Amino acid sequence: MAVSFIRVDDRMIHGQTCTRWALEYPCDGLIAVNNAAAGNSVLKAAYKSASGKKTFVWTLDEFKEKSQKVLESKDNYFLITKNPLDMEKILVGQGFKPGVKDVIIGPCNDRPGTTKLGNNQSITQEEAQALENIMNAGYNVEFALLKDEAIGNWKKFRGQFGFN
Numbered sequence: 002m003a004v005s006f007i008r009v010d011d012r013m014i015h016g017q018t019c020t021r022w023a024l025e026y027p028c029d030g031l032i033a034v035n036n037a038a039a040g041n042s043v044l045k046a047a048y049k050s051a052s053g054k055k056t057f058v059w060t061l062d063e064f065k066e067k068s069q070k071v072l073e074s075k076d077n078y079f080l081i082t083k084n085p086l087d088m089e090k091i092l093v094g095q096g097f098k099p100g101v102k103d104v105i106i107g108p109c110n111d112r113p114g115t116t117k118l119g120n121n122q123s124i125t126q127e128e129a130q131a132l133e134n135i136m137n138a139g140y141n142v143e144f145a146l147l148k149d150e151a152i153g154n155w156k157k158f159r160g161q162f163g164f165n
């Protein structure tokens, strides 16, 4: 397996969460996919130093180009995006099949136009649609800042956004 863990986290890479989740899921490195971060050398350097692991920060197009190499790798990677929209582009739009069926939704800051689902877990209607599409593509979408702080599956919340 080349992808051991899939996460949406608006902070993308930070020490505590990477350390805690790495205890649950084997991980040799991290792949963060975000166009803005990949184009910012300061952010890229910060992310690479935060994890203490082999870290890649790629655009969506770079990920698409390199996704087959990721699948063929002997190393295990965490796949992380900053928001549900980017994860939907990878898992649904690009058709990436990581072999992992759980998508963990971590911190999503309270912002204007969001619905609060839990502590530091708020999503927009557009993000809700992305999560619905991910679920309909066969993934289990779980909201958890940390493994032992899960607030529930997408199925628990989807009615708040008009999905039956």
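Everything in the sequence shown is counted per my numbering, starting at 2 for the first residue and increasing by one. Using N, Cα and C, we set each Cβ at its ideal position, and we do this for glycine too. Keep in mind it's a predicted model, so treat the numbers as computed, not measured.
Member of K54, E127, A33 whose CA lies at the smallest distance from the CA of E63: Checking every option, the nearest Cα to that of E63 belongs to A33.
For N165 and N120, I'd like the C-alpha separation in whole angstroms. 24 Å
Nearest to V4 (by Cα), restricted to the options V58, G100, A47: Here the closest residue by C-alpha is G100.
The segment 104-120 / the segment 131-148 touching (three or more Cβ pairs under 8 Å): Yes, the segment 104-120 is in contact with the segment 131-148.
Where does the unbroken alpha helix (DSSP H) through D62 begin, and where does it stop? 61-73
Based on the DSSP output, what are the partners of D57 in its beta bridges? Per the sequence shown, the amino acid found at residue 57 is Phe instead of Asp. I32, per the DSSP bridge assignment.
6 Å CB neighbourhood of K83 in its chain, flanking five on each side removed: D11, M13, N35
What does D149 pair with, by DSSP beta-bridge criteria? Bridge partners of D149: none, in fact.
Among K102, D103, A129, nearest to G114 - alpha-carbon criterion: A129
Is the beta carbon of Y78 less than 8 Å from the beta carbon of C19? no
What are the start and end residues of the alpha helix (DSSP H) that includes Q126? Element bounds for Q126: 126-137.
Count the other CB atoms within 10 Å of the CB of N25; is the residue buried (16 or more) or exposed (fewer)? Reading the sequence as shown, one finds Glu at residue 25 and not Asn. Per the 10 Å Cβ criterion, exposed.
Ignoring anything shorter than 4 residues, give me the alpha helix (DSSP H) runs that lie fully in the segment 69-126, in order along the chain. Taking only runs of at least 4 residues, the alpha helix (DSSP H) segments lying wholly in the segment 69-126 are 85-89.
Ordered along the chain, which non-local residues of its own chain (more than five positions away) have a Cβ less than 6 Å from that of V58? Cβ neighbours of V58 beyond the five flanking positions: A33, A38, A39, K45, Y48.
C-alpha gap between E127 and A151, whole angstroms: Taking the straight line joining both Cα atoms gives about 22 Å.
My guess is that Q125 and Q161 are in contact by the Cβ rule of under 8 Å, so how many angstroms apart are they, rounded? The sequence as given places Thr at residue 125; Gln does not occur at that position. No, T125 and Q161 are not in contact; Cβ-Cβ is about 12 Å, not under 8 Å.
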